[in-house]
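Participant: Residue numbers (this note's numbering): 1 to 373.
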């Protein structure tokens, strides 16, 4: 679940109550990372904490909590995956269970508004008597000093979460001084990277489809309105533009760009606009090494700095996948971006020179993906 807060808001519109189950912390090997979550309601499930016996056990606990009256206390349970649940992962996880109903809609709306203005963290403290305290933390709104037992540790952890990018751990569990009153801190913004996709041809459509369940927020741009499908995934925003290159300026700082239009000249123009900005996390151009070399020569003649040109990856995709099928190309590009995301440990660039690690160069060894010459 890439955007748990929005999913919770939508679910509360149709469900009288929900139990949110969060992987609060992980020790050793586990199916999902800290921050992974699911919503359990009477009408069904949203999201996953990794499946298997752990998820089945969590669903059972959540349904027991749903059966109780409003005001049921949050709980924090520890599960040894191997010894208790028979899962071969062998690690241990702490799961946080918390009930939400119509009485919480105001807090959810406030959190959505806070994150629309910038990074936000939600802090929830669990008291031994069953009470819970919530707070929204932003860069201009620190964790309240009153009411939170482990204030110093929680405040420091919240500041770290606010400073990090969307790819870093989404949740931190801060224990109380004596094991009492633990505090769960979570990023409120979606765990997605802005990806600006230029081109709605056969490969562009495959990319939009393959990336539907990946942590990317896609802006899909083309000058041909009839090329877009009637429906697109929830993480895709269609932008019909007569001047696609001009849209580059609208992308947020630290965005990723993927260029694959129907025209080499248009590709060139879009890539030039990206290189002129030079504040992107990653930029990829579909095509062959010959195309890459031609673009590099032209950019050099126009005075584009060599270090800027070197930040344009062409061909795109992993070296291991050589198929020219649109779906295979899309999978290859997805694998490349996920690998870079993992190696960099961040999705949003801090500025020039802080692009995704090993972002590649405009030319690469044979075997990389090229869909067009």
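Virtual Cβ for every residue (Gly too), placed ideally from N, Cα, C.
Which runs of the alpha helix (DSSP H) at least 4 residues long sit entirely within the region 72–147? Give them in chain order.
Facilitator: 105–116
Participant: Between the C-alpha atoms of residue 183 and residue 9, what's the straight-line distance to the nearest angstrom?
Facilitator: Start at 1 with the first residue of the chain shown, and residue 183 comes out as number 183. Start at 1 with the first residue of the chain shown, and residue 9 comes out as number 9. Distance between the alpha carbons of residue 183 and residue 9: 22 angstroms.
Participant: Please classify residue 43: is it buried, with 16 or more other beta-carbons within 10 angstroms of its beta-carbon, or exposed?
Facilitator: Counting from one through the chain shown, the residue named residue 43 turns up at place 43. Under the 10 Å beta carbon count, residue 43 is surrounded by fewer than 16 other beta carbons and is classified as exposed.
Participant: Does DSSP put residue 325 in a helix, a strand or coil?
Facilitator: In the chain shown, the residue the question calls residue 325 occupies position 325. Note: residue 325 maps to coil in three-state DSSP.
Participant: Where does residue 348 sit, in a helix, a strand or coil, going by DSSP?
Facilitator: Counting from 1 along the chain shown, the entry for residue 348 is found at position 348. At residue 348 the pLDDT is 37, less than 50, meaning the model places this residue with poor confidence; the figure from the coordinates comes in the next sentence. Reduced to three states, the DSSP call for residue 348 is coil.
Participant: Just to confirm before moving on: does the CB-CB distance between residue 26 and residue 49 stay below 8 angstroms?
Facilitator: Within the chain shown, residue 26 is the residue found at index 26, counting from 1. Within the chain shown, residue 49 is the residue found at index 49, counting from 1. Taking 8 angstroms as the Cβ cut-off, residue 26 and residue 49 do not qualify as a contacting pair.
Participant: When the Cα atoms are used, what is the spatial distance from residue 11 to residue 309?
Facilitator: Within the chain shown, numbered from 1, the residue matching residue 11 stands at position 11. Within the chain shown, numbered from 1, the residue matching residue 309 stands at position 309. Approximately 46 angstroms between the Cα atoms of the pair.
Participant: Quick check on the burial criterion: 16 or more other C-beta atoms within 10 angstroms. Buried or exposed for residue 235?
Facilitator: Indexing the chain shown from 1 puts residue 235 at position 235. Answer is buried; the Cβ neighbour count reaches 16.
Participant: Under three-state DSSP, which class holds residue 311?
Facilitator: Here residue 311 corresponds to residue number 311 of the chain shown, with the count starting at 1. Residue state for residue 311 is assigned as coil, using DSSP reduced to three classes.
Participant: In terms of residue numbering, what span does the alpha helix (DSSP H) encompassing residue 48 cover?
Facilitator: Your numbering for residue 48 matches position 48 in the chain shown. First-last for residue 48: undefined, no H or E at that position.
Participant: Going by DSSP, what residue range makes up the beta strand (DSSP E) through residue 296?
Facilitator: Residue numbering aside, residue 296 sits at position 296 when the chain shown is read from its first letter. Note, residue 296: premise wrong, no beta strand (DSSP E); alpha helix (DSSP H) at 289–301.
Participant: In three-state DSSP terms, what is residue 184?
Facilitator: Position 184 of the chain shown, counted from the start, is the residue given in the question as residue 184. Three-state result, residue 184: strand.
Participant: Report all residues from its chain with a CB closer than 7 angstroms to the CB of residue 366; omit the five preceding and five following residues, and keep chain order.
Facilitator: Taking the first residue of the chain shown as 1, we reach residue 366 at position 366. Confidence at residue 366 is low in this model, with a pLDDT of 37, below 50, so its placement is unreliable and no value can be given for it.
Participant: Note down the Cα distance separating residue 95 from residue 121, rounded to an integer number of angstroms.
Facilitator: For the purposes of this step, residue 95 is taken as the residue at position 95 of the chain shown. For the purposes of this step, residue 121 is taken as the residue at position 121 of the chain shown. Between residue 95 and residue 121, the C-alpha separation is close to 19 angstroms.
Participant: What number of angstroms, rounded off, separates the C-alpha of residue 376 from the C-alpha of residue 334?
Facilitator: Given that the chain is displayed from residue 1 to residue 373, the structure contains no residue 376 and the question cannot be resolved.
Participant: If you run the structure through DSSP and keep just helix, strand and coil, what is residue 280?
Facilitator: By 1-based counting over the chain shown, the position of residue 280 is 280. Correct three-state label for residue 280: coil.
Participant: Output the distance between the C-alpha atoms of residue 74 and residue 124, rounded to the nearest integer angstrom.
Facilitator: Working through the chain shown from its first residue, we reach residue 74 at position 74. Working through the chain shown from its first residue, we reach residue 124 at position 124. Here the C-alpha atom of residue 74 lies approximately 10 angstroms from the C-alpha atom of residue 124.
Participant: Are the beta-carbon atoms belonging to residue 133 and residue 17 less than 8 angstroms from one another?
Facilitator: Translated into positions along the chain shown, residue 133 becomes position 133. Translated into positions along the chain shown, residue 17 becomes position 17. The answer is no: Cβ separation not under 8 angstroms.
Participant: For residue 225, count the other beta carbons within 10 Å of its own beta carbon; 16 or more makes it buried, fewer makes it exposed. Which is it?
Facilitator: Here residue 225 is taken as the residue at index 225 of the chain shown, counted from 1. Counting Cβ neighbours within 10 Å, residue 225 comes out exposed, since fewer than 16 surround it.
Participant: Can you check whether the CB of residue 217 is closer than 8 angstroms to the CB of residue 195?
Facilitator: Your numbering for residue 195 matches position 195 in the chain shown. Your numbering for residue 217 matches position 217 in the chain shown. Between residue 195 and residue 217, the C-beta gap is smaller than 8 angstroms, which places the two residues in contact.
Participant: Going straight from the alpha carbon of residue 230 to that of residue 91, what length do you get?
Facilitator: For the purposes of this step, residue 230 is identified with residue 230 of the chain shown, where counting begins at 1. For the purposes of this step, residue 91 is identified with residue 91 of the chain shown, where counting begins at 1. Answer to the nearest angstrom: the Cα atoms are 44 angstroms apart.
Participant: Apart from the five residues on each side of it in sequence, which residues of its chain come closer than 7 angstroms, Cβ to Cβ, to residue 248?
Facilitator: For the purposes of this step, residue 248 is identified with residue 248 of the chain shown, where counting begins at 1. These residues qualify, in order along the chain: 270, 273, 274, 277.
Participant: Measure the CB-CB distance between residue 35 and residue 192 and report whether it falls below 8 angstroms.
Facilitator: Stepping through the chain shown from its first residue, residue 35 is reached at position 35. Stepping through the chain shown from its first residue, residue 192 is reached at position 192. Taking 8 angstroms as the Cβ cut-off, residue 35 and residue 192 do not qualify as a contacting pair.
Participant: Of the choices 78, 137, 118, whose alpha-carbon is the least far from that of residue 107?
Facilitator: For the purposes of this step, residue 107 is taken as residue 107 along the chain shown, with counting starting at 1. Residue nearest to residue 107 within the set 78, 137, 118 is 137 (criterion: CA-CA distance).
Participant: Taking the C-alpha atoms as reference points, what is the distance between residue 250 and residue 198?
Facilitator: The count along the chain shown starts at 1 and reaches residue 250 at position 250. The count along the chain shown starts at 1 and reaches residue 198 at position 198. Rounded to the nearest angstrom, the two C-alpha atoms are 13 angstroms apart.
Participant: Determine, using beta carbons only, whether residue 76 and residue 24 come nearer to each other than 8 angstroms.
Facilitator: Here residue 76 refers to the residue found at position 76 of the chain shown. Here residue 24 refers to the residue found at position 24 of the chain shown. Yes.
Participant: Output yes or no for whether 8 angstroms exceeds the beta carbon distance between residue 158 and residue 81.
Facilitator: Within the chain shown, residue 158 is the residue found at index 158, counting from 1. Within the chain shown, residue 81 is the residue found at index 81, counting from 1. Going by C-beta atoms, residue 158 is not nearer than 8 angstroms to residue 81.
Participant: Starting from residue 65 and walking both ways along the alpha helix (DSSP H), at which residues does that stretch end?
Facilitator: For the purposes of this step, residue 65 is taken as residue 65 along the chain shown, with counting starting at 1. It spans 52–67 - the alpha helix (DSSP H) in which residue 65 sits, taken as one unbroken run.
Participant: Would a C-beta distance cut-off of 8 angstroms place residue 188 and residue 39 closer than the cut-off?
Facilitator: Counting from 1 along the chain shown, the entry for residue 188 is found at position 188. Counting from 1 along the chain shown, the entry for residue 39 is found at position 39. Using a Cβ distance threshold of 8 angstroms, residue 188 and residue 39 do not count as a contacting pair.
Participant: Can you tell me which residues form a DSSP beta bridge with residue 38?
Facilitator: For the purposes of this step, residue 38 is identified with residue 38 of the chain shown, where counting begins at 1. BP columns for residue 38 point to 21, 47.
Participant: Do three or more CB pairs link the region 139–146 to the region 51–69 at distances below 8 angstroms?
Facilitator: no
Participant: Within its chain, find whatever has a CB closer than 6 angstroms to the CB of residue 200; leave out the 5 residues flanking it on each side and keep chain order.
Facilitator: Residue 200 sits at position 200 when you count from the first residue of the chain shown. Residues of the same chain with a CB within less than 6 angstroms of the CB of residue 200, apart from the 5 flanking positions on each side, are 222, 227, 228 in chain order.
Participant: Please report the distance separating the alpha-carbon of residue 150 from that of residue 139.
Facilitator: For the purposes of this step, residue 150 is taken as the residue at position 150 of the chain shown. For the purposes of this step, residue 139 is taken as the residue at position 139 of the chain shown. Their backbone Cα atoms lie some 19 angstroms apart in a straight line.
Participant: Since I believe residue 181 is in contact with residue 127 (beta carbons under 8 angstroms), could you give me their beta-carbon distance rounded to a whole number of angstroms?
Facilitator: Walking along the chain shown from the start, residue 127 turns up at place 127. Walking along the chain shown from the start, residue 181 turns up at place 181. Confirmed, Cβ separation roughly 6 angstroms.
Participant: Helix, strand or coil for residue 167? Go by DSSP, reduced to three states.
Facilitator: Along the chain shown, read from residue 1 onward, the residue named residue 167 stands at position 167. Residue placement at residue 167 is flagged as unreliable, the pLDDT there being 48, under the threshold of 50; the coordinate-derived value follows with that caveat. In the structure shown, residue 167 sits in coil (DSSP, three-state: anything other than H, G, I, E or B).
Participant: Of the choices 112, 330, 284, whose alpha-carbon is the least far from that of residue 208?
Facilitator: Position 208 of the chain shown holds residue 208. The shortest C-alpha separation from residue 208 is found at 330.
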